[in-house]
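Numbering (our numbering), first residue to last: 4 to 668.
Everything below concerns the one structure shown next.
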Ligand SMILES: [Zn+2]
């Protein structure tokens, strides 16, 4: 082992503050491939030895140990996400396949699975240990490891078939869109379009050696036309095209959808579920397809009057006799600009970065008594700040912030754990954003930047505050339709007047946001929510219905289901051409099958908690925050999300708070 390697091993064994400046230094990166290989060999040998342990010697401890390999690889992955140059990319790309292979070896080890079951049966486990082992067993179960040989073979075949079908589905979507181009030569009909959109359309036309403005089948082109093109016929053309992609000829996806649904249904039944929705919900908070379908049906009914009101307002304001689906985006945007316009440049002056950050820390302190102490240490780049987080004097975690844009960083925002808690290990959590840094040091944020900052910090606090000593049961590991609760919830404090008053001060004068602006912000909050909810519901209900209410018997029956679903959930009549399912890659080639509801679900449960604060007449109510901290945040994943929710509310999910907040009742 050479000197650098030794130093790295020492740095990785350090349970306290991590020296990321050293771990990301050129000398370490040069050695990283070798070190990763060595760590992998060690882990493989450990795993082999584990499998040899005799049944009577199996204890809980053998399933829980800190992996230096996971820690180091996780750190390198983080570095790739924030600093994606050729060096780090090559390290990750070369090592990842081996890492994944080893992960699969563990995930599909029959002996390991049997050992987990023995551990659960033969040991006197406490509640948390039993939950960890049961969760592992469940994840093995859906990987079919416990099934008889014949069924395993059958499942393998289905999985292979499904992956081919999904791939074909996506290819059909791509291929049917590929040829589509729409050239506009009359600049007048684009006079309301932002310059960036126009420039891009000119650029695309030039690339194809054509005159005028070229729009293609991308979502971006679609939104651009639907919102800004003043010619109704062009908007209708676009709308119709979108609804004819992958509907006929060699790219027709309808037969594939039926095959995908059938294969998923077979798979679910082999694994002991009634249907695919049952399998999908096994690892989510929502308990049954019926629960979702009932809630969302109520939601559609409640959203319809608001949607009608929104459409009437548009008709009256623009003196229109008729309003079609391809008109709503255009007129809603115009109405918003003309009637509720807010000067974003002026608003930004109230959101100076340092002031927002300090205000956010004050808010979190008022809610959960968290103290953030900035450490004077260097990290991997000069924009990274490091905090020591504590609660009532007790250390919780280290917190890294990497808030500013740089060209090597992934262009979005996220929260992540860099090191999990294990024995003496101190947790490390990071928030990454892409705010544009001002040269003079006074960076001004948009309201959406502020919301992003609060959102990611909400995720971070969930992890900071979860108190289980087992990393598997911390906040980041909850069911994925529950994981957005703390993050979306915290956003409410940055939009609320009282919350905003703690950080929004004019950068030059120090004044608070004027009343007129606050009123407009509140109006904008509920602008178009009726229509938006109905649109989201239509997708969620289509997804859940197709995965739980029997498979349509023919392509025609499939189309009828989709059309009926739209008609039930909408207040605006659809066009003659309507076919959102044939391009719905989210559910036919993605992770959202029988899970599309989760977008809206996260908001429903988040508004329930927010209402509990508001009902107490104090958004910093110690009673409510203490209860939320105890029942949900600090509980992490020690119980099922549905149980945590019941601990807090003593009942199941309801939609009233959401309806109220969205202006629907
Ligand atoms: Zn999130």
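The C-beta atom is built at its ideal place from N, Cα and C for all residues, glycine as well.
Owing to the predicted nature of the structure, the values given are computational and were not obtained by experimental measurement.
- A distance of 8 Å or more separates the beta carbons of residue 250 and residue 541.
- Residue pairing for residue 218: DSSP places it in a beta bridge opposite 185.
- With contacts defined by Cβ atoms closer than 8 Å, residue 175 and residue 297 do not form a contacting pair.
- Rounded to whole angstroms, the gap between the alpha carbons of residue 52 and residue 107 is 17 Å.
- A buried status is given to residue 658, since no fewer than 16 other beta-carbon atoms sit within 10 Å of its beta-carbon.
- Comparing C-alpha distances from residue 329 to each of 131, 577, 283, 124 shows the shortest one belongs to 577.
- In the three-state DSSP reduction, residue 590 falls in the helix class (H, G or I).
- Counting only residues of its own chain and dropping the five nearest sequence neighbours on each side, residue 377 has a CB closer than 7 Å to the CB of 388, 390.
- Counting only runs of 4+ residues, the alpha helix (DSSP H) found wholly inside the stretch 293-369 occupies 328-342, 347-351, in chain order.
- For residue 254, the shortest separation between its Cβ and any heavy atom of ligand 1 does not lie below 7 Å.
- Within the same chain, 267, 279, 283, 546, 550, 590 come within 8 Å of residue 596 by CB-CB distance, once the 5 residues on both sides are set aside.
- In the three-state reduction of the DSSP assignment, residue 374 falls in the strand class.
- Boundaries of the alpha helix (DSSP H) harbouring residue 31: 29-54, taken from the DSSP string.
- Taking 8 Å as the cut-off, the beta carbon of residue 287 is found closer than this to the beta carbon of residue 482.
- In this structure, DSSP gives residue 232 a state outside helix and strand, which the three-state scheme calls coil.
- Sorted by chain position, residues whose beta-carbon lies closer than 6 Å to a non-hydrogen atom of ligand 1 are 458, 462, 487, 490.
- A Cβ-Cβ separation of about 13 Å leaves residue 379 out of contact with residue 24 under the 8 Å criterion.
- Relative to the Cα of residue 644, the nearest Cα in the group 217, 605, 629 belongs to 605.
- Going by beta carbons, residue 667 and residue 306 fall inside the 8 Å limit.
- Contact between residue 102 and residue 148 does not hold, since their C-beta atoms are separated by about 21 Å, which reaches or exceeds 8 Å.
- Approximately 37 Å separates the beta-carbon atoms of residue 646 and residue 261; this is outside 8 Å, ruling out the contact.
- In the DSSP assignment, residue 497 falls within the alpha helix (DSSP H) that extends over 488-498.
- Counting only the Cα atoms, residue 484 lies some 5 Å from residue 601.
- Listed as beta-bridge partners of residue 394 by DSSP are 373, 397.
- A direct Cα-Cα distance of roughly 35 Å separates residue 33 from residue 444.
- In this structure the stretch 357-365 lies against the stretch 505-523, because at least three pairs of beta carbons, one per stretch, are closer than 8 Å.
- Secondary structure in the stretch 415-496: the alpha helix (DSSP H) runs of 4 residues or longer, each lying completely within the stretch, are 450-468 in chain order.
- Assignment of residue 570 by DSSP, reduced to helix, strand and coil, places it in the helix class.
- Inter-segment contact for the stretch 493-503 and the stretch 632-639 is absent: fewer than three beta-carbon pairs are separated by less than 8 Å.
- In chain order, 369 place their CB closer than 6 Å to the CB of residue 623, counting only its own chain and leaving out the 5 sequence neighbours on each side.
- According to the DSSP assignment, residue 604 belongs to the alpha helix (DSSP H) that extends over 601-618.
- Of the other Cβ atoms in all chains shown, 16 or more fall within 10 Å of the Cβ of residue 134; this residue is therefore buried.
- At least 8 Å separates the beta-carbon of residue 425 from that of residue 66.
- Bounds of the alpha helix (DSSP H) holding residue 627 are 625-631.
- Counting only runs of 4 or more residues that sit fully inside the stretch 125-185, the alpha helix (DSSP H) segments are 130-144, 152-181, in chain order.
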